[in-house]
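J.: Dropping a structure here in structure tokens format, bear with me for questions.
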Amino acid sequence: SPSAGIAPVPDDVPVTLSHSAIDRYTTCPLQYYFSDVAHIPLAPTPSRMYGDALHHAIQVYHQHVLKGLPISDEDVLSAFEEAWSNEGFLTPAHEERMFAKGREAMLAFLRRERASGVKPVAIESEFRFTVGRDIVVGRFDRIDERPEGIVLVDYKSSAVDESDRALDRATRSAEEGQLGLYALAYLETRGAMPVRGELHFLASGLIGAVDITPEHLDQARERIETAAAGIRAADFTPHPEARACAICDFRAICRSSASRRNT
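Under the numbering used here, the residues of the sequence shown are numbered 44 to 306, in order.
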């Protein structure tokens with residue numbers, strides 16, 4: 044096993060975790076090992092770069108809004124273009140399609156934002172808190188203070204165009220993913236309970252919204268503790284599973300991958 048020579052983490056050394064690291068460990072400890080222990084570099088993928096460019100343009104837009112500075116749609120599209128990279132695309136036609144799709148998503152986002160009149164209280168706000176002896180870090184995409192209370196917003200570049208699916212994604216995110224962890228982070232760092240978490244799907248404009256409950260925070264704490272305990276023990280036992288292996292970034296080098304068994 045690749046982790047056979049890895050020593051456990053000493054008790055007095057904190058393990059630092061993010062949502063994505065916990066997600067990797069929970070999906071498959073060996074995936075976490077490849078990414079976070081062995082630091083195997085990954086080639087850029089079009090979908091990751093597309094998401095990064097959208098997030099960058101949104102951040103530039105909100106920075107202006109929060110400072111009360113004017114910003115035109117063209118300025119925001121320029122920010123999207125500046126963050127764009129052609130790395131990883133298989134053909135120029137594929138890149139052109141994705142770029143056009145990104146511009147459309149940005150223009151639709153700007154129309155919705157300007158019409159809503161809602162101004163976030165914070166964007167791209169980093170957090171850091173401890174659970175036991177371990178540290179959890181991350182960044183809120185957006186925090187809104189609405190009449191009903193604090194709402195945490197996370198922007199998603201993945202294509203979701205059915206409201207049932209948007210709701211399902213948000214519900215799962217609160218129960219076993221990012222929204223639940225970020226709600227716990229907000230309580231731990233700001234001393235207040237957010238009322239709701241929302242996933243905003245940029246391409247379709249759909250919003251998956253879920254009311255935050257104390258159970259969501261308990262589940263998040265449990266995930267943190269479970270992942271930290273496994274990482275501390277240097278337990279990187281693979282959990283091969285057909286669907287997870289099929290989309291794993293390390294499937295080509297992993298001997299345990301379920302996606303290699305039939306080849």
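Note that CB positions come from ideal geometry on N, CA and C, so glycine has one too.
When you compare the stretch 68-80 with the stretch 115-125, are there three or more beta-carbon pairs, one atom per stretch, that lie closer than 8 Å?
T.: no
J.: Using three-state DSSP, classify R298 as helix, strand or coil.
T.: R298 falls in the coil class under three-state DSSP.
J.: Near D116, which residues of its chain fall below 6 Å by C-beta distance, leaving aside the five closest residues on each side in sequence?
T.: The answer, listed in chain order, is L153.
J.: Please classify D261: is it buried, with 16 or more other beta-carbons within 10 angstroms of its beta-carbon, or exposed?
T.: exposed
J.: Quick check on the DSSP output: what are the complete alpha helix (DSSP H) runs of length 4 or more inside the stretch 90-136, in order along the chain?
T.: 116-126
J.: Quick check on the burial criterion: 16 or more other C-beta atoms within 10 angstroms. Buried or exposed for I101?
T.: I101 counts as buried, since at least 16 other C-beta atoms from the protein chains shown sit within 10 angstroms of its C-beta.
J.: DSSP on F279, reduced to helix/strand/coil?
T.: coil
J.: DSSP three-state label for I83, please.
T.: DSSP places I83 in coil when its eight states are reduced to three.
J.: Thinking C-alpha only, which one of D187, K144, I178 is nearest S159?
T.: D187
J.: Which same chain residues, not among the five before or five after N305, have their C-beta less than 7 Å away from its C-beta?
T.: Bear in mind that the predicted position of N305 carries a pLDDT of just 46, short of 50, making it unreliable; the figure below should be weighed with that in mind. Once the five neighbours on either side are set aside, N305 has no close Cβ partner at all.
J.: L25 by DSSP, collapsed to three states: which one?
T.: A query on residue 25 cannot be resolved here, the shown segment of the chain reaching from 44 to 306 and no further.
J.: Should the stretch 231-248 be called in touch with the stretch 281-292, which here means at least 3 C-beta pairs below 8 Å?
T.: With the cut-off at 8 Å, the stretch 231-248 and the stretch 281-292 do not touch.
J.: Under a three-way DSSP split, which group does N305 fall into?
T.: With a pLDDT of only 46 at N305, under the threshold of 50, the placement of this residue in the model should not be trusted, and no figure is reported.
J.: Output yes or no for whether 8 Å exceeds the beta carbon distance between A213 and L222.
T.: By the CB criterion at 8 Å, A213 and L222 fall inside the cutoff.
J.: Decide if C288 is buried, meaning its Cβ has at least 16 other Cβ atoms within 10 Å, or exposed.
T.: buried
J.: Whole-angstrom Cβ separation of A252 and R239, contact assumed at under 8 Å?
T.: Right, their Cβ atoms sit about 6 Å apart.
J.: Can you find at least 3 beta carbon pairs, one from the stretch 123-132 and one from the stretch 86-103, that sit closer than 8 Å?
T.: yes
J.: In the DSSP assignment, the beta strand (DSSP E) including R189 goes from what residue to what residue?
T.: Per DSSP, the unbroken beta strand (DSSP E) holding R189 starts and ends at 177-189.
J.: Just to confirm my understanding: we take H27, look at its own chain, exclude 5 residues before and 5 after, and list those with CB closer than 8 Å. What are they?
T.: Any property of residue 27 remains undetermined from this structure, which presents the chain solely from 44 to 306.
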